[in-house]
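Working notes, beginning with the structure itself.
Number of protein chains: 2
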Amino acid sequence: MTKTRKAREELLERIKTMKANELLPRERDLALELGISRSGLRQALSELENERVIYRVRGKGTYVSDKQISKRTFITSFTRDMTERGLVAGTRVLHRAQALASGEVAQDLDVPEGTLIYSLQRLRLADGEPMCIEHVQLPAELFPELLRQDLDTSLYDILQSRYGIEIAFTRQTIRAVVATAEQRRLLATGRTAALLEVTRINFDARHRPIERGVSIYRGDRYDFTFNTNHQN
Amino acid sequence: MTKTRKAREELLERIKTMKANELLPRERDLALELGISRSGLRQALSELENERVIYRVRGKGTYVSDKQISKRTFITSFTRDMTERGLVAGTRVLHRAQALASGEVAQDLDVPEGTLIYSLQRLRLADGEPMCIEHVQLPAELFPELLRQDLDTSLYDILQSRYGIEIAFTRQTIRAVVATAEQRRLLATGRTAALLEVTRINFDARHRPIERGVSIYRGDRYDFTFNTNHQN
DNA sequence: CAGTGGTCTAGACCACTGT
DNA sequence: CAGTGGTCTAGACCACTGA
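Chains Y and D, in that order, give the protein sequences.
Residues -5 to 226, numbered by our numbering, are exactly what the first sequence covers, in order.
Residues -5 to 226, numbered by our numbering, are exactly what the second sequence covers, in order.
This is the structure we're talking about:
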């Protein structure tokens, strides 16, 4: 645990007890109080500012954000997403197979055409109701024996705990599409349903593609919320 | 222009001439070369890392990212968005009026119900074809005489150049909806069209809501791409 | 004017990588 | 082991805010 990290935790504790828009002590005092240099403190504060836990005003001071504003950055994991919405995530594996990468999949995963991949199709449920159809591809080389794992849970938990893979960032493309007959059947929607099609590629810290997939969500039950920073 | 900023620019110049995954000089040498301290250089590098222009590997060095990966963070401005796609943005103002904030609008803008706002409805075009219907609300107090401006251009350019307002971050919620008859008429889509409904609130650096709006995009012509960092 | 956050420095030491 | 990026420090000075 670095000192900056520790300062960050202590700051979060302190902020929890404060109201929105309340003023924090000046940096020089906070640093003294937390037993850290001002530079170290400033790094911790900068992280919290990026996460919108606080905001800083030059010449005035550092303030606590509205709780409302700070949340929702991370998405990606269906299980976590549903949990945050107060729903219980469920999974039905529709199909699992080895396959050879081609076309868009090979391009997204940055592997030559014909590379061995795992392909996984799952129906994801929220409180027992169909929410989304998921089609995932991963390079087989990185995940030996993946298809023998229990795939009824969070794929990202498996990648992390069993293969030690950490996702560093995600690129997503969202479209609106009209449901096909097959999709209507699986998702149990009405005749003319609009669906949210999310195509995502997950990368590790070295910018290597780790996993890609397409998720098709019911438009009447799902929305997608996120924040964007416009620094500079 | 700060030294860090200058270093950043010079680094970008240098990176432009390099290939993907090429190794940059070590930090100590780069700092010397750019006439800056290592700390200052590291801050510039950290910015570039966040923007995915470079990536760093401990014990090895700092590398140039694939050009492919770095782009697409900023969205929000329709005009800029279309320009990046190689399309010409156009605008037809459908409606402009003063109004009183109520319900969701008052809540999103964080003003009491009954506060005076400006309301603006525009049809946005790409290469002359309808792309999106936009419905925007802003607190009148912040933007005197707004309705007298030329609203056929980028609203964000007006906010910045005429009112000196800088947007610091954006919160967006995306849904898929089926087009109503009115929307089909305005957007010139077919009978059963899926649309992308984007609700956004723009905040300044002090976390004050500056503007909110709903944009309804044609599902067959538009997609929405963005990146998410999962630091920590 | 005093008080705040923002920038910058030179240097020390730590943690990880690959030979 | 030598070489890399990562953390941390103490202190100086700048730029902005509001009384």
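Just so you know, even glycine gets a beta-carbon here, dropped at the ideal spot from N, CA and C.
| Asked | Found |
| --- | --- |
| Which residues, in chain order, does the region 151 to 173 of chain Y contribute to contact with chain D at a C-beta distance below 9 Å? | 160, 161, 162, 163, 164, 165, 166, 167, 168, 169, 170, 171, 172, 173 |
| Please say whether residue 59 of chain D and residue 46 of chain D have beta carbons closer to each other than 8 Å? | yes |
| By the criterion of Cβ-Cβ separation under 9 Å, what are the contact partners of residue 51 of chain Y in chain D? | 199, 200 |
| DSSP has residue 212 of chain D in a bridge; who is on the other side? | D/189 |
| Taking all protein chains shown into account, decide if residue 133 of chain Y is buried (16 or more other Cβ within 10 angstroms of its Cβ) or exposed. | buried |
| Assign residue 121 of chain Y to one of two classes, buried (16 or more other C-beta atoms within 10 Å of its C-beta) or exposed (fewer than that). | exposed |
| According to DSSP, is residue 81 of chain D part of a helix, a strand, or is it coil? | coil |
| Over the uninterrupted beta strand (DSSP E) stretch that includes residue 55 of chain Y, give me the two end residues. | 55 to 58 |
| Straight-line CA distance for residue 219 of chain D to residue 189 of chain D? | 16 Å |
| Report yes or no: is there a C-beta of chain Y within less than 8 Å of the C-beta of residue 59 of chain D? | yes |
| For residue 218 of chain D, go through chain Y and note every residue whose CB falls closer than 8 Å to its CB, in chain order. | 167, 168, 169 |
| Select from the region 177 to 190 of chain Y all residues with a C-beta closer than 8 Å to any C-beta belonging to chain D, and list them in chain order. | 186, 187, 188, 189, 190 |
| Taking its Cβ as the centre, do 16 or more other Cβ atoms sit within 10 Å of residue 7 of chain D, making it buried, or is it exposed? | exposed |
| Just to make sure I have the definition right: I need the residues of chain Y whose C-beta is within less than 9 Å of the C-beta of residue 129 of chain D. Which are they? | None at all; the shortest Cβ gap to chain Y is about 17 Å. |
| Would residue 170 of chain D and residue 213 of chain Y qualify as a contact pair, given that the criterion is a beta-carbon distance under 8 Å? | yes |
| Give me the chain Y residues within the contact set of residue 213 of chain D, using Cβ-Cβ distance strictly less than 7 Å, ordered along the chain. | 169, 170, 171 |
| Can you tell me the Cα-Cα spacing of residue 34 of chain Y and residue 22 of chain D, whole angstroms? | 20 Å |
| Provide the residue span of the beta strand (DSSP E) that contains residue 115 of chain Y, from first to last. | 110 to 120 |
| For a cutoff of 8 Å on Cβ pairs, would you count residue 89 of chain Y as touching chain D? | no |
| DSSP beta-bridge partners for residue 170 of chain Y? | Y/190 |
| As a quick exercise: from Y/-4, Y/180, Y/130, Y/97, pick the residue whose alpha carbon is nearest that of residue 145 of chain Y. | Y/130 |
| Can you list, in chain order, the residues of its chain with a C-beta nearer than 7 Å to that of residue 163 of chain D? Leave out the 5 residues immediately preceding and following it. | 197 |
| Determine which residues share a DSSP beta bridge with residue 128 of chain D and list them. | D/116, D/209 |
| Is there a C-beta anywhere in chain D that falls below 8 Å from the one on residue 222 of chain Y? | yes |
| Tell me the rounded alpha-carbon separation between residue 168 of chain Y and residue 222 of chain D. | 13 Å |
| Are the Cβ atoms of residue 78 of chain Y and residue 96 of chain Y separated by less than 8 Å? | no |
| Would you give the residue range spanned by the alpha helix (DSSP H) that residue 44 of chain Y belongs to? | 32 to 44 |
| If you run the structure through DSSP and keep just helix, strand and coil, what is residue 20 of chain D? | coil |
| Kindly indicate which residue of Y/160, Y/80, Y/205 has the alpha-carbon position closest to the one of residue 103 of chain Y. | Y/205 |
| In its own chain, which residues sit with a C-beta less than 7 Å from the C-beta of residue -3 of chain D, not counting the 5 before and 5 after it? | 30, 34 |
| Anyone know if the C-beta pair for residue 14 of chain Y and residue 61 of chain Y falls short of 8 Å? | yes |
| Quick one: measure Cβ to Cβ for residue 127 of chain Y and residue 180 of chain Y, integer angstroms, because I've assumed they're closer than 8 Å. | 6 Å |
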